[in-house]
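Chains as they are written, first to last, in our numbering: chain A, 1 to 426; chain B, 1001 to 1426; chain C, 2001 to 2426. A short worksheet on the structure shown next.
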Amino acid sequence: MLPPKENELITRVEPGTPMGNTMRRYWIPACLSSEIAERDCPPVRVKLLGEDLVAFRDSEGRIGLIDEFCPHRRVSLYFGRNEECGLRCVYHGWKYDVEGNCVDQLNEPPEHQFKHHIHITAYPTSEMGGIVWAYMGPPEKMPAPPKFAWTQVPQARRHVSKVIEECNWLQALEGGIDTSHAPILHRLLTDNSTRGGIKPSNPFVRGKAPNLVVDVTDYGYLYAGIRPLGDSDVHIRTYHFVMPFHQIRPSRSESGIPCDAGHIWVPMDDYNCMVYNWMYSTTDAPLTDEDRRERGIGNGPDFVDQTTFRSKRNRENNYLLDRRVQKTETFTGIDGVNAQDRAVQESMGRVVDRTREHLGPADRAVIQARRLLLQATRTVEAGGTPPGVEATYYLLHPAEAVAPTNTDWRTLLASRAPRTDVLQRA
Amino acid sequence: MLPPKENELITRVEPGTPMGNTMRRYWIPACLSSEIAERDCPPVRVKLLGEDLVAFRDSEGRIGLIDEFCPHRRVSLYFGRNEECGLRCVYHGWKYDVEGNCVDQLNEPPEHQFKHHIHITAYPTSEMGGIVWAYMGPPEKMPAPPKFAWTQVPQARRHVSKVIEECNWLQALEGGIDTSHAPILHRLLTDNSTRGGIKPSNPFVRGKAPNLVVDVTDYGYLYAGIRPLGDSDVHIRTYHFVMPFHQIRPSRSESGIPCDAGHIWVPMDDYNCMVYNWMYSTTDAPLTDEDRRERGIGNGPDFVDQTTFRSKRNRENNYLLDRRVQKTETFTGIDGVNAQDRAVQESMGRVVDRTREHLGPADRAVIQARRLLLQATRTVEAGGTPPGVEATYYLLHPAEAVAPTNTDWRTLLASRAPRTDVLQRA
Amino acid sequence: MLPPKENELITRVEPGTPMGNTMRRYWIPACLSSEIAERDCPPVRVKLLGEDLVAFRDSEGRIGLIDEFCPHRRVSLYFGRNEECGLRCVYHGWKYDVEGNCVDQLNEPPEHQFKHHIHITAYPTSEMGGIVWAYMGPPEKMPAPPKFAWTQVPQARRHVSKVIEECNWLQALEGGIDTSHAPILHRLLTDNSTRGGIKPSNPFVRGKAPNLVVDVTDYGYLYAGIRPLGDSDVHIRTYHFVMPFHQIRPSRSESGIPCDAGHIWVPMDDYNCMVYNWMYSTTDAPLTDEDRRERGIGNGPDFVDQTTFRSKRNRENNYLLDRRVQKTETFTGIDGVNAQDRAVQESMGRVVDRTREHLGPADRAVIQARRLLLQATRTVEAGGTPPGVEATYYLLHPAEAVAPTNTDWRTLLASRAPRTDVLQRA
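Quick look at the structure:
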C-alpha cells in the first residue's frame, strides 16, 4: 500500500533516479565470468540500471565494461572485434581499451587522428565467485569488493547461474525475501512427486502459517519464519537480506548436499531484472553435475536459454502451465521452483501497482525492505553511505531447524555459525 | 464523417468513459459456457470493457467472474487453483468465492487473518444460450436476463462460437449492420465454387444495389435492404439491430437448414472485440456437425484457434489472401465469410478515423446506429435507461423474401413471425 | 555533432515536415517494375515519406499510385481487385482509376451515386530503369523524369534490387557516402576467403587511411578518397552524391564485370527506408545470373525475402554473426557487404542521436551532405528549387584508379568519361 510517488521512487533505477543513484554505490553483478571466459573472447551485451554496455576480456585477461555505443558514429560495439588489448568498432575501426581510452582510429591518417580526445564510459570491475561485478558510482566512493562467503569457496563447491525476469527488480526481490509464500506456491501435493518443490511431509509445509520476525542489522536485516508443528515444536528458517538486492537462505542442492544459497536481483532497467542464483556446499562435498543442472529449482539449461538467458517458460506461453499437474501433483502446475516465482511475479505486470495491494503481518519482511530502500535513497541524497556498502556481511550464514517451542531461536541459530574453514581467503 | 470528439465518444469503452458506462447497463457476453464446462475447472481470462477478469465455475456449479488480480499482492488469479467453492491464488493461498469474498488467507496464522476486510470485484452472471453473460453496471439497475429467442431453443438446434476481431468493436458492428456490403464482399464469382460466399445466381447478388430502410424501435431498429430484380420483383432482407451490439439476421446453416443467426460485438477494450456468432434452426431440424464447423462462414476450429480464439487468417498473414482465387472464384480471395469481414474491418486500423470517411445513402443503417449509441450515452449520463435494456426483443425474427415490387413488405414480413412453439420457455 | 533541433529537422520526413516537403520536389522510387509486372496485377503496398499507398498497373498498362485507404469507409485497397482499368475496394465495390477518380459505387443504386464528388490521392509516376518513380510534390513544380545513365541502358546490362533497412534513411545514406568505412567494415582477413568483401591485397585495403575530398556541384557533390600506397602511388576512388539520396560508385559485378553501381535510400517513414541497389555493366558484357544473385554484396534472394523485402539477416537474429568467421575470415563475421552496412547502421538505433557523435576529417562527406540537405530545406521553405531537381546528373560517371602521387586526379578521372554510346536514348 505504497503511495504512487513512493512506488515510483522505490522501483525506478534508470539514470538520474534516486534509487538508481543508490544502487550505484554498491558492487553490481554485470555478467557471469563464463560469458567472457577466454582472453580476446567475443564481447557480450550487458544492461544495467538502464544503461547499455558491453563486457569483454582483453588479451591480457583484464575485463572491460564499456558503453555499448562507439562515440564516433554510435555503432554498437557488440559487433566489435576484441583484439590486441582492446575492443575495435567494425564500422571505422576505432578501438578502446578496458579503461575506455580510444587507442586507434583506423579511418584517419595519422596526421588527422584525435584519439587522445576520445574516451568511452568504462566502469571498474571485480571478478569474484564466478561473477564479474561492476561499480557504477562516484569513483571516490568505491567500496571494497563484495567478498560474500559464497564467492570465496573453491569452484567445485559453488554454482552460479542467471536468468532474466521480465518485471521490475523490486517485485522479484520482494518474492525472494517473503518466506511466507514458499511452502504454498512451491508445495507438492504428494510426497510421490518427482517434480521440483517442497513435499507435504517437509516440516516447512507441515508447519502452520508462520510468525515473521525481522531483526534490522547494519547490512540490511535477518528474518525468520517460525511455524508451529503441533504443540511442542516449531520449524524455524532464518535468512539474510543484504542491501540492496541480495538474499541468503538455507538450502540443499538437487542431490541433497547441504548448501547456503541465494539470489541477487539486478535491475537491467525499470522493466526487467537479471536474477543471479548461487549456491555452495557448506560441507566438503563438491557439487555434482546434477546439482548444476538446477532442474528442481527451475534454472539451468533445461529452463533457461543459455544464450539469451530468457526463461523457456515465460509470459508468452503461460509458463507451460499444465492444469492436470496442478490438480494432482503441484500447487501451480508449473515445473521449476523459480519458474513458479517468475510466473506469479511477472503476472503482477511490469511494475506492480503497490497502491492497490493489501499487506498483512506475513508481509513484514517485504515492508521492512521497502523502508530500508527508501531510507537509503534519502541517505544517499543527503551525501551519506547507505547500509551494506561496508562489507559486514562477510560471514553471514542462514539456518533451518526444528526446535522446541520455547527455544531462544536466535541463540540456537547463532550456534550454527558457518564453518569458516571452508572459505578460501582471498 | 463524425467529428473527432464524437468518434472518441462513440468508440471508447474503457473504465470511466460514457460509452463504457452505457454498455454496463446491459448484459454482456463474458465467455462461452463450454470454456468453463466443469465444476472446479481451470479459470479462464476474460477481458471486458478494458477490465481484466477471470471466470470459473465453482464446486457447486456457480459461476464466478472476478478481478484477475489478487488484492493481496496483485498476482494473476489465472494461475489460481479452483477448489472447494473458491478460486485460490497460488502465491500466498488467498481464496475468493464467486461473490468476491475472501474466504481464506493461507499465509497468515488464524490470529493474524483479516479476510473479512478483503473483497474482490465480482460481477453477477447469467448463463443462457451457451453463453455466460455478465452485468457490470450499478446493482440497482440490473435488468432482466437477456432472453433472446435463440438462447431459449434446445441445444441441439443452436450453435454458438466466438472469435477475436483485432479492432474497435464499433467498426466490427458497423460491418454487421451494413447489408449493402454483403453481396459485394462475400460474392462468389461462379456458382461452381464450393468456397463460402454468396453465389451469383442468388437473388441477393442478382439484385441491384439496395434501397436501405431503417425503422427505429424501442430496442434499436429494424432495417431492410430492398433490391430490384428486373422490373416486377424485389428481393428483401430484414434484420434487427438490438442495442448496444446485437445483430439478428436471416440465414441458412452450412447444410442448408433455415436459421436465424446473428453476431454480438463485445468490446474487450478500445482496440479489440470478441465476436460471438450464434445461429439456431427455425425448423425442427437439429444442426449437424458440419453446420457446427462453420467452414463457409469462416468461424469454427478450421478458422479460429479454439484456445486463444484468435483468427488463423489475420493481419500478420494478410488473411492468407490467394490472388488466384480472387481472380477466378471469390471477390476477395480470402476464405470464410466472416474472415472476409475481419480482413476489411481490421484493415481500417484499430480505431477507424471517421473524420475521413464519405458515407452515402447505402450507409443509412450505420448512421442510425451511431445516432442511437450517441443518444444512449446522453440518456445514461442524464440518469435514464437506454433503449434495449428492457427485453422487448424476445421474439424478434428476421426474414428474407422475393416479392412483387409493389408489396407492402412490412406487412409481408410481419406475417412470417417466429414459431413461438420452438422456444423452450425458461 | 548536430544540435537536437537540426537532427530532428534533417531526419524527419513524414507529412508536414520541412525535409519531407523537400523530398517531395524530387522523383522518388516507389517500387520495382517487376512487383507490378502484368496488367491487372495484384496491387502492392508502398510506404513513402510516412504515407501508406498502393501501386497497381491497370488494364491498359498505366500505373496507379494511390492512397491505400478507400475514402468511403477507410478499408485498405491492398485487398482490392484490379480489374477493367481501375482498382476496386472489395468492401462496397467503389472503384478508382490511376488518376484517383472514383468511377463506380457498386453499393449504391444509380440515382444515389455521388462518385463524381469522390477522389483519392493519386501521384504521377514515371517508369524508368526497372523502377516505378513517384512525384509527390506540387504539380506545377514537377521536374523532368530522372534519366540517370543507369536507367537508360538495355535491361540485359542492368540489375536493380531492393531491401528494407530498419532505421532512418539518413544514417543509411551517411553510410553510403562514407568511403572511409568500406575497406574497414567490408575487409576480408585473407585473400583466400570466398565470402563477399574486399581482399587485403586490393589497393583499396592496402592503402592507408584516406584523405577525403568533396567538390560541391549543382546536383550535390563529387567526392573522392585518396589513399597512399607506399611513397609514390595513390589509390583514388571517386563517387557522386546526387541530392537528395543517390549514390553513384565504381564497382564490379560478382563475376567481375566493370560496372557503375549505386544505392538510393528512400524514406518509407521516419524509422525505415527502402534501399534500391542498382548496377550496370559499363562494357558491352551483359550481366549474368550469378551477378543478379548479389551474393557477395548481400542483397538478392539469398539475403532478402523477395515478398516482404525484409533482410534475412536482421536485428532480431544479430545478422547471423559468426564469431569464428569474424576471427579468421572477415572483419565482421557477417556475410554480405550490404548486410554488414545494415548491421552497423541499424545498431545505431532507429534514429541515431547525432548530438552524441564525434566526427573527424574522414567524415567530411557526411558533414557536407548534411549541409546540403539542411540548406535544401531552407531553399524549399523560401520557395526555391533545391539542387539536383534539374537533371544535370545525366552522364555522371564514377571512377577508380591507382596513379602517381602527384597526379592531378580530377583531370585523370575526367578523362575516364562514360561511354555515352552505351546509353539507350529514351
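Just so you know, even glycine gets a beta-carbon here, dropped at the ideal spot from N, CA and C. Note that the structure is a prediction, hence the values are computed from the model and not measured.
Query: Using 10 angstroms around the beta-carbon of Gln1424(B), count the other beta-carbons present and answer buried if the total reaches 16, otherwise exposed.; Result: Note on Gln1424(B): pLDDT 38, under 50, position unreliable in the model; the coordinate value appears next. Flag for Gln1424(B) reads exposed.
Query: Which partner residues of Ser2161(C) appear in the DSSP bridge assignment?; Result: Asn2277(C)
Query: Identify whether Asp1421(B) lies in helix, strand or coil by the three-state DSSP scheme.; Result: Low per-residue confidence applies at Asp1421(B): pLDDT is 43, beneath 50, and the placement is therefore not dependable, though the value from the model is reported in the following sentence. Correct three-state label for Asp1421(B): helix.
Query: So, helix, strand or coil for His186(A), using DSSP?; Result: coil
Query: State the beta-bridge partners of Ala2055(C) as determined by DSSP.; Result: Val2044(C) and Leu2065(C)
Query: Against Ile1184(B), what residues of chain C qualify as contacts under a CB-to-CB distance less than 8 Å, listed in chain order?; Result: Val2090, Tyr2091, His2092, Gly2093, Leu2106 and Asn2107
Query: Measuring only between beta-carbons, confirm whether Arg79(A) sits less than 9 Å from chain C.; Result: In the sequence under discussion, the amino acid at residue 79(A) is Phe, which differs from the Arg named in the question. Answer yes: the Cβ-Cβ gap between Phe79(A) and chain C drops below 9 Å somewhere.
Query: Name the DSSP bridge partner or partners of Ala2399(C)?; Result: Thr2238(C)
Query: Per DSSP, what kind of secondary structure is Leu1412(B) in: helix, strand or coil?; Result: helix
Query: Starting from Thr2332(C), find everything on chain A with Cβ-Cβ shorter than 9 Å and list it in chain order.; Result: Phe79, Arg81 and Val90
Query: Is it buried or exposed, Met1001(B), if we count other Cβ atoms within 10 angstroms and call 16 or more buried?; Result: exposed
Query: Hey, Gly2298(C) and Met2279(C): beta-carbon distance below 9 Å or not?; Result: no
Query: Reducing DSSP to helix, strand and coil, say where Val1213(B) ends up.; Result: strand
Query: Below 7 Å between beta carbons is the criterion; list the residues of the stretch 1106–1132 of chain B that meet it against any residue of chain A, in chain order.; Result: Leu1106, Asn1107, Glu1108, Pro1109, His1112, Phe1114 and Ile1118
Query: Taking 8 Å as the threshold, find out whether the stretch 1107–1115 of chain B comes into contact with the stretch 1132–1151 of chain B through three or more Cβ pairs.; Result: no
Query: Going by DSSP, name the residue or residues bridged to Gln2368(C).; Result: Per DSSP, none; premise fails for Gln2368(C).
Query: Can you check whether the C-beta of Arg1073(B) is within less than 9 Å of a C-beta belonging to chain A?; Result: yes
Query: To which residues of the same chain is Thr1405(B) closer than 8 Å at the C-beta, ignoring the five residues directly before and after it?; Result: Pro1228, Asp1231, Ser1232, Asp1233 and Val1234
Query: Per DSSP, what kind of secondary structure is Pro1958(C) in: helix, strand or coil?; Result: What is shown of chain C runs 2001 to 2426, which leaves residue 1958(C) out entirely.
Query: Does DSSP put Ser232(A) in a helix, a strand or coil?; Result: coil
Query: Are the CB atoms of Val2214(C) and Pro2183(C) within a distance shorter than 9 Å?; Result: no
Query: Helix, strand or coil for Leu2087(C) per DSSP?; Result: strand
Query: Using 9 Å as the threshold, is the C-beta distance between Val1242(B) and Glu1165(B) below it?; Result: no
Query: Are there 16 or more other CB atoms within 10 angstroms of the CB of Ala426(A), so buried, or fewer, so exposed?; Result: With a pLDDT of 31 at Ala426(A), under the threshold of 50, the predicted position of this residue should be treated as unreliable, though the coordinate-derived value follows. Exposed: under 16 other Cβ atoms inside 10 Å.
Query: For Leu395(A), count neighbouring Cβ atoms within 10 angstroms of its own Cβ and tell me buried if that reaches 16, exposed if not.; Result: exposed
Query: Scan the stretch 2028–2048 of chain C for residues whose Cβ lies nearer than 8 Å to a Cβ of chain B and list them as they occur along the chain.; Result: Pro2042
Query: Helix, strand or coil for Ala1134(B), going by three-state DSSP, please let me know.; Result: strand
Query: Measure the alpha-carbon distance for Val1216(B) versus Trp1265(B) and round it to whole angstroms.; Result: 20 Å
Query: Assign Gln2340(C) to one of three DSSP states: helix, strand, or coil.; Result: helix
Query: Chain B partners of Pro361(A), CB-CB under 7 Å?; Result: Glu1108 and His1112
Query: Would you please verify whether the beta carbon of Arg1252(B) is less than 9 Å from any beta carbon of chain C?; Result: no
Query: Could you tell me whether the Cβ of Ser76(A) comes closer than 9 Å to any Cβ of chain C?; Result: yes
Query: Apply the 10 Å Cβ neighbour rule to Ser1255(B) and answer buried if 16 or more other Cβ atoms are within range, or exposed otherwise.; Result: exposed
Query: Using a Cβ-Cβ cut-off of 9 Å, state whether Phe2069(C) counts as contacting chain B.; Result: yes
Query: For the structure I just gave you, are there three or more beta carbon pairs, one from the stretch 1155–1172 of chain B and one from the stretch 1302–1316 of chain B, closer than 8 Å?; Result: yes
Query: If we count the other Cβ atoms within 10 Å of its Cβ and call it buried at 16 or more, is Ala414(A) buried or exposed?; Result: exposed
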